[in-house]
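Before any comments, here is the structure.
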Amino acid sequence: MKMTILFSLCILAFPVFSQGRVVGVDEVGFAECNEFFYGETPPEGFTEPFHVKICQQYNKEPRFATLYNTEDKTPLYSAFKYTKATQRGEESWLIEPQLDDPGNDLKEMVHEADTVGSVNNLGANQALITDYVDSGYERGQLNLGSLNEADFQLATYTLTNAVPMTPSLSKSWHRDVEHIVKQAVAPHCENGARLYLVVGAVPSTLRIKDKVSVPEFLWLAACCDAPEAWSVGFVKRRSDENSIEDLSVEELEKQLPSGARLFKSNCGGGNQSQDKMEAILQSINQIQSEEPILQTVAGELGEGQRANEKRGEASLLRRIASIIAIPFTKLLRIIVYVLVEVVRYTCSFLWYVIKQFGNIVMGRLYSVWNGVVTYVTAISTVLVNIPRDVAKVAANIVMGFVRIFQNTLSLIYRILSVPGGLFLHIMAFPLDTLCATPTVLKDIAAGVGGTCSLIVDATAALMSGFYYIGSSRTP
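Now the structure itself:
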């Protein structure tokens, strides 16, 4: 009990520990909350566009899964694994900001008072605490806190896990479900087997404050993943608050929206051990038969107490005193309520101011941090590039000296090659002259021979001409 109170105080002081992550449409099932379903397969047949999947978390760990109806502003079902029950702790109800304002920066469940000025369209898609005030209905849990322990229990106090119930129905529902699960269902799911529970509500046309739908009936489906898996279902109708009906899961599915399938492969449906089911139903019948006796005894004790109170108030003075005290009592209650509301809204306003101031300070610090990071990055880049640039300059200087040396050698070579070539030509002249003499003599001889041949040919031609002339004049 002390641990429960301690955890309750923690959630009051630090609501950011609770988180209800709205699962995206592109994610498979309920994402990390698929573990709370038999075979990690969520129920089928709940496919309306206004159905939103929520992975209910606490201390950044998944605790149970909820399918929420934003049109009726009530959960359709909550699914969880039964571990160990404990006493109910202090209530600290939270809401889910992402249902009304998906773009807000609140990524976890918060108290309604903490959303003032930070969540747009608050209450457009979900129920609020103010919807239950003076409505005659209580916030009835689907996943009962008493069926969980420690921080699992604290995670159940969210309005996305609550439906409107009359005080009598809420009391009867909690009593029946606790007794059935603890005393009849869980004892038959042992030896390491896990008990999966899906608790839901079917909405009606009746609404509180024309907004939140009152359930037509409540239902519970249990599945044990023992080697011989078995399942069982229960229904509690709003019109019959004092009884709960046991039936098979197949029969329960027929009373839910068309095509509903609660467990993968019906959790052993059709192959269940008859002895096991008879033992479970016998335990349930025994519990249901004992409850009217307990209620009768409680009623008799209540009647006896009321009779004693009537006898104690028989005197006229006490009646007058009570008549006089009632207005003052109501006035005192009103004053206390007003003071509590003033303190609450004042704290909410102060928290809002502090949060806005913190956001501004954090924004400035973030800007300064970005500037520092940018400056340090630029300086680091320059410092890193200095050795590389120095190396480039040194390389260019060395290459310049190499080119100067190369050009100097080339110039010296060209200067020295001029006299050297001349000397070589002078030295080679006699040799070239001697080598060319035979050729010159040959050419001279050829020229002389040619000249003589030419003279001979000319003389012959001349003589032939004279002869021709002389012969032509003879008669």
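The sequence shown maps to residues -20 to -1, 1 to 455 in mature numbering (1 follows the signal peptide of the UniProt record, and there is no 0). By construction, the Cβ of each residue, glycine as well, lies at the ideal position given by its N, Cα and C atoms. A quick note: this is a predicted structure, and the numbers were derived from the prediction, not measured.
In the DSSP secondary-structure assignment, Trp210 is bridged to Cys204. DSSP places Asn49 in the strand class (E or B) of the three-state scheme. The continuous beta strand (DSSP E) containing Glu225 extends over residues 225 to 227. The shortest C-alpha to C-alpha distance from Glu225 to any of Arg218, Phe214, Ser219 is the one to Phe214.
8 Å or more divides the Cβ of Val143 from the Cβ of Pro23. The beta carbons of Val3 and Lys33 sit closer together than 8 Å.
As DSSP reads the structure, Val2 sits in a beta bridge with Ile34. Spanning the alpha carbons of Trp331 and Glu92 requires a straight line of approximately 13 Å. For the options Ala166, Ala11, Lys61, Leu139, the alpha carbon positioned closest to that of Ser72 is the one of Leu139. DSSP places Ile160 in no alpha helix (DSSP H); its state is neither H nor E.
A direct Cα-Cα distance of roughly 20 Å separates Asn387 from Pro399.
Pairwise C-beta distances place the stretch 231 to 242 out of contact with the stretch 37 to 52, as fewer than three of them are shorter than 8 Å. Here DSSP, grouped into helix, strand and coil, assigns Met145 to strand. The stretch 93 to 159 contains, as complete alpha helix (DSSP H) runs of 4+ residues, the segments 109 to 112, 130 to 134, 147 to 159 (chain order).
DSSP lists no beta-bridge partner residue for Pro367. Cα atoms of Ile260 and Asp81: separation of roughly 45 Å, rounded to the nearest angstrom. Per DSSP, the continuous beta strand (DSSP E) segment holding Pro55 begins and ends at 54 to 62. Met145 is the residue among Leu124, Asp6, Met145 whose C-alpha sits nearest the C-alpha of Tyr112. Taking Lys216 as reference, the option from Ile435, Gly180, Glu208 with the minimal CA-CA separation is Gly180. Pro183: member of the beta strand (DSSP E) spanning 175 to 188, first to last residue. When rounded, the separation of the alpha-carbon atoms in His31 and Gln37 is 19 Å. Residue Val161 holds the alpha-carbon nearest to the alpha-carbon of Ala202 among Ser238, Val161, Ser360.
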